[in-house]
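Peer 1: Quick one: the structure is below, and I'll ask about it shortly.
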Amino acid sequence: MTGALPRTASTVVVGGGIVGAAAAFFLADRGERDVLLLEREGLGAGTTKGGMGGIRHQFVDEIDVRMSLLAVEFWRDFASFTGSAWDFEERGYLFLASTPAGLAKLKQPLGLYERLGLDVRMLDRADVEELVPGLRVDDLAGARFCARDGYGDPLSALAGFAAGAVLEGVRVAEGTTVRSLAREGDRVTGVRTDDGDVSAERVLLATGCWTAEIAATADVDVPISAFPRRIAESAPLPALAGIPMVVEHESGFHFRPKDGALHFAMPDLTAEAVRERAARRYPKLADLRVERVRDCRYELTPDDHPVLGRVPGARGLYLAAGFSGHGFMHAPATAQLIVEEMLDGRATTLDIADLSIDRFRTGTSRFTGTVL
Ligand SMILES: Cc1cc2nc3c(=O)[nH]c(=O)nc-3n(C[C@H](O)[C@H](O)[C@H](O)COP(=O)(O)OP(=O)(O)OC[C@H]3O[C@@H](n4cnc5c(N)ncnc54)[C@H](O)[C@@H]3O)c2cc1C
Numbered sequence: 001m002t003g004a005l006p007r008t009a010s011t012v013v014v015g016g017g018i019v020g021a022a023a024a025f026f027l028a029d030r031g032e033r034d035v036l037l038l039e040r041e042g043l044g045a046g047t048t049k050g051g052m053g054g055i056r057h058q059f060v061d062e063i064d065v066r067m068s069l070l071a072v073e074f075w076r077d078f079a080s081f082t083g084s085a086w087d088f089e090e091r092g093y094l095f096l097a098s099t100p101a102g103l104a105k106l107k108q109p110l111g112l113y114e115r116l117g118l119d120v121r122m123l124d125r126a127d128v129e130e131l132v133p134g135l136r137v138d139d140l141a142g143a144r145f146c147a148r149d150g151y152g153d154p155l156s157a158l159a160g161f162a163a164g165a166v167l168e169g170v171r172v173a174e175g176t177t178v179r180s181l182a183r184e185g186d187r188v189t190g191v192r193t194d195d196g197d198v199s200a201e202r203v204l205l206a207t208g209c210w211t212a213e214i215a216a217t218a219d220v221d222v223p224i225s226a227f228p229r230r231i232a233e234s235a236p237l238p239a240l241a242g243i244p245m246v247v248e249h250e251s252g253f254h255f256r257p258k259d260g261a262l263h264f265a266m267p268d269l270t271a272e273a274v275r276e277r278a279a280r281r282y283p284k285l286a287d288l289r290v291e292r293v294r295d296c297r298y299e300l301t302p303d304d305h306p307v308l309g310r311v312p313g314a315r316g317l318y319l320a321a322g323f324s325g326h327g328f329m330h331a332p333a334t335a336q337l338i339v340e341e342m343l344d345g346r347a348t349t350l351d352i353a354d355l356s357i358d359r360f361r362t363g364t365s366r367f368t369g370t371v372l
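In the numbering used here, the protein residues as written are 1 to 372.
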């Protein structure tokens, strides 16, 4: 942004990750004027830049599947909504189970998928071999596949949202740190930054794993913590460009093609562990060269689900954070829903009451862990 920070805004969005950029875009798209997006570093500098870019419907809780269905409608038509092209590829997610217990887990949500009209199939070894030739299958008990899943580049999507938002009048200030929230009684009235105070009708915290510290300045307790994760990138392997996201259910090891290489993620990732796992799962990768390992962080809540919605007891304050490893894929749905909550008083496209911060105050969370 050029020029001084405005002193008033209708809505201040704090955080220029995929969620903040998408929310700013949806606010502007709904005709909201005087929206200000504040980011302390550069757009995408937080968790968004480190993600795998995976987009899946294969969750266990209904709200997650519904969020994916809503988001994927948007991802598919991203260019017509935002005016920017991006690289969403619907190549599917292939979950592999190597134990009977793992296979039973993969089968558990099939009824949910059927009820929601989502085509998810169980595969046997021959099907898997056909889908990803060369993958080791002799140790598999079975697999699950959804062709509508896929992947795309998080930073390109963020750029599209941000450009669309700016074209519709949103002011974006990078390099602007929000130090605290301004609170008067039961109302949050704006933000305090190094470049001055901004008063606003609404403040949205889309601040990922930094949300707890900023919410605390308005006496709001948000249980989001940072959890170190890593991604490994291989040397070019163009022959594998078209494969789905492959996920080992039991180990959490997963990989996808990106920019002619493969990107890998797993718990406690090291280059050695990636080489060893990759060679076992895909014998052609016996000589895999890991070119880069990148450090990043998940923004975890105690039940692996985001905090989304208004903050009871702090009028004017809204939260969209703590996506626990799947915030990129859901970003368009998250943004649409939080904007409905802000502008219409309540999200109507989907009921997000279960995602309220209140569940941690009352101990009523009823979600299943979904971290990959
Ligand atoms: C290894 C890895 C793999 C992943 N894979 C996937 C995947 O396959 N699919 C998927 O959907 N998700 C994935 N994720 C998760 C996904 O990347 C995140 O859920 C998502 O990027 C969160 O976006 P966000 O906008 O909420 O947070 P962030 O991108 O962290 O944005 C928050 C922003 O707020 C800014 N900020 C913080 N405090 C302040 C302040 N006081 N003032 C101003 N600005 C502030 C930060 O600088 C930051 O830019 C992965 C994450 C990791 C680490």
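Glycine residues also receive a C-beta, built at the ideal position from the N, C-alpha and C atoms.
Quick check: does the Cβ of E39 come within less than 6 Å of any heavy atom belonging to ligand 1?
Peer 2: Indeed, a heavy atom of ligand 1 lies less than 6 Å from the Cβ.
Peer 1: Below 8 Å on the Cβ atoms is my contact criterion, and I expect G316 with E213 to pass it. Report the Cβ-Cβ distance as a whole number of Å.
Peer 2: At roughly 19 Å, the Cβ-Cβ gap does not stay under 8 Å, so G316 and E213 are not in contact.
Peer 1: Do the segment 216 to 234 and the segment 292 to 301 make contact, defined as three or more Cβ pairs closer than 8 Å?
Peer 2: Enough Cβ pairs lie closer than 8 Å, so yes.
Peer 1: Determine the direct distance from the alpha carbon of R187 to that of G313, and round the result to whole angstroms.
Peer 2: Answer to the nearest angstrom: the Cα atoms are 8 Å apart.
Peer 1: Taking the alpha carbon of G242 as the point to measure from, which residue in G17, E39, D87, V13 has its own alpha carbon closest?
Peer 2: The candidate whose alpha carbon is nearest that of G242 is D87.
Peer 1: Taking 6 Å as the cut-off, is the beta-carbon of V19 closer than that to any non-hydrogen atom of ligand 1?
Peer 2: Indeed, a heavy atom of ligand 1 lies less than 6 Å from the Cβ.
Peer 1: With a CB to CB cut of under 7 Å and the five nearest residues on each side skipped, what residues in its chain are close to V166?
Peer 2: The residues are V172.
Peer 1: Run the CB neighbour count on S80, radius 10 Å, all protein chains shown included, and call it buried at 16 or more, exposed below.
Peer 2: With fewer than 16 Cβ atoms within 10 Å of its Cβ, S80 is classed as exposed.
Peer 1: In the segment 331 to 369, which residue ranges form an unbroken alpha helix (DSSP H) of at least 4 residues, counting only runs that do not cross its ends?
Peer 2: DSSP runs (the alpha helix (DSSP H)) wholly in the segment 331 to 369: 331 to 344, 358 to 362.
Peer 1: For the pair the segment 262 to 280 and the segment 203 to 218, tell me if three or more CB-CB distances fall below 8 Å.
Peer 2: As far as the Cβ criterion goes, the segment 262 to 280 does not touch the segment 203 to 218, which means the pair count is below three.
Peer 1: Out of V178, P133, L103, which has the shortest C-alpha to C-alpha gap to T207?
Peer 2: Nearest option by C-alpha distance: V178.
Peer 1: Since L118 contacts H57 with CB under 8 Å, what's their CB separation in whole angstroms?
Peer 2: Their Cβ separation, rounded to whole angstroms, is 5 Å, which keeps L118 and H57 in contact under 8 Å.
Peer 1: Along the beta strand (DSSP E) that carries F227, what are the first and last residues, could you check?
Peer 2: 225 to 234 is the extent of the beta strand (DSSP E) around F227.
Peer 1: Within 6 Å: the Cβ of G46 and any heavy atom of ligand 1?
Peer 2: Yes, ligand 1 has a heavy atom inside 6 Å of this Cβ.
Peer 1: Unbroken beta strand (DSSP E) runs of length 3 or more, entirely within the segment 238 to 304: which are they?
Peer 2: Listed in chain order, they are 245 to 248, 254 to 258, 261 to 265, 290 to 300.
Peer 1: Whose C-beta lies closer than 6 Å to the C-beta of D194 among residues of the same chain, with five residues either side of it excluded?
Peer 2: Counting only Cβ-Cβ distances below 6 Å, and skipping sequence neighbours, we find T177.
Peer 1: Is any heavy atom of ligand 1 found at a distance shorter than 6 Å from the C-beta of I231?
Peer 2: Indeed, a heavy atom of ligand 1 lies less than 6 Å from the Cβ.
Peer 1: Between V198 and L5, how many whole angstroms is the CB-CB distance? I'm expecting something under 8 Å.
Peer 2: The Cβ separation is near 6 Å, so the contact holds.
Peer 1: Roughly how far, in whole angstroms, is the beta-carbon of R310 from the beta-carbon of Y318, given that I think they are within contact range, below 8 Å?
Peer 2: Contact flag correct, Cβ pair sits at about 6 Å.
Peer 1: In the DSSP output, which residue or residues are listed as bridge partners for Y318?
Peer 2: Answer is L204, R310, bridged to Y318.
Peer 1: Excluding five sequence neighbours on each side, which residues of the same chain lie with their C-beta closer than 8 Å to the C-beta of R50?
Peer 2: One point to set straight first is that residue 50 is Gly, not Arg, in the sequence displayed. The answer, listed in chain order, is R229, I231, R294, D295, C296, R297.
Peer 1: Helix, strand or coil for S10? Go by DSSP, reduced to three states.
Peer 2: If DSSP states are grouped into helix, strand and coil, S10 belongs with the strands.
Peer 1: How about A279 and M52: are their beta carbons less than 7 Å apart?
Peer 2: No, the pair does not count as a contact, with Cβ atoms beyond the cut-off.
Peer 1: How far does the alpha helix (DSSP H) with M67 in it reach, from first residue to last?
Peer 2: Here the alpha helix (DSSP H) through M67 covers 62 to 76.
Peer 1: Spell out the partners DSSP gives I55 in its beta bridges.
Peer 2: DSSP, once it has assigned bridges, lists G150 as partnering I55.
Peer 1: Would you call P109 buried or exposed, if buried means 16 or more other Cβ atoms sit within 10 Å of its Cβ?
Peer 2: Classification of P109: buried, given that the 10 Å Cβ count is 16 or more.
Peer 1: For K105 and D34, I'd like the C-alpha separation in whole angstroms.
Peer 2: Going from the Cα of K105 to the Cα of D34 covers about 48 Å.
Peer 1: Flag W75 as yes when its Cβ comes closer than 6 Å to any non-hydrogen atom of ligand 1, and as no otherwise.
Peer 2: No, the Cβ of W75 stays beyond 6 Å of every heavy atom of ligand 1.
Peer 1: Please classify E32: is it buried, with 16 or more other beta-carbons within 10 angstroms of its beta-carbon, or exposed?
Peer 2: Buried is the call here.
Peer 1: Below 8 Å on the Cβ atoms is my guess for L372 versus H254; work out the distance and round it to an integer in Å.
Peer 2: L372 to H254, Cβ: 6 Å. Contact.
Peer 1: Going by the DSSP bridge assignment, what does F25 pair with across the sheet?
Peer 2: According to DSSP, which records beta bridges pairwise, F25 is partnered with nothing at all.
Peer 1: With DSSP run on the structure shown, which of helix, strand or coil describes S156?
Peer 2: Helix, per DSSP.
Peer 1: Which residues mark the beginning and the end of the beta strand (DSSP E) in which V193 is found?
Peer 2: The identity of residue 193 in the sequence shown is Thr, whereas the question assumes Val. Note, T193: beta strand (DSSP E), 187 to 193.
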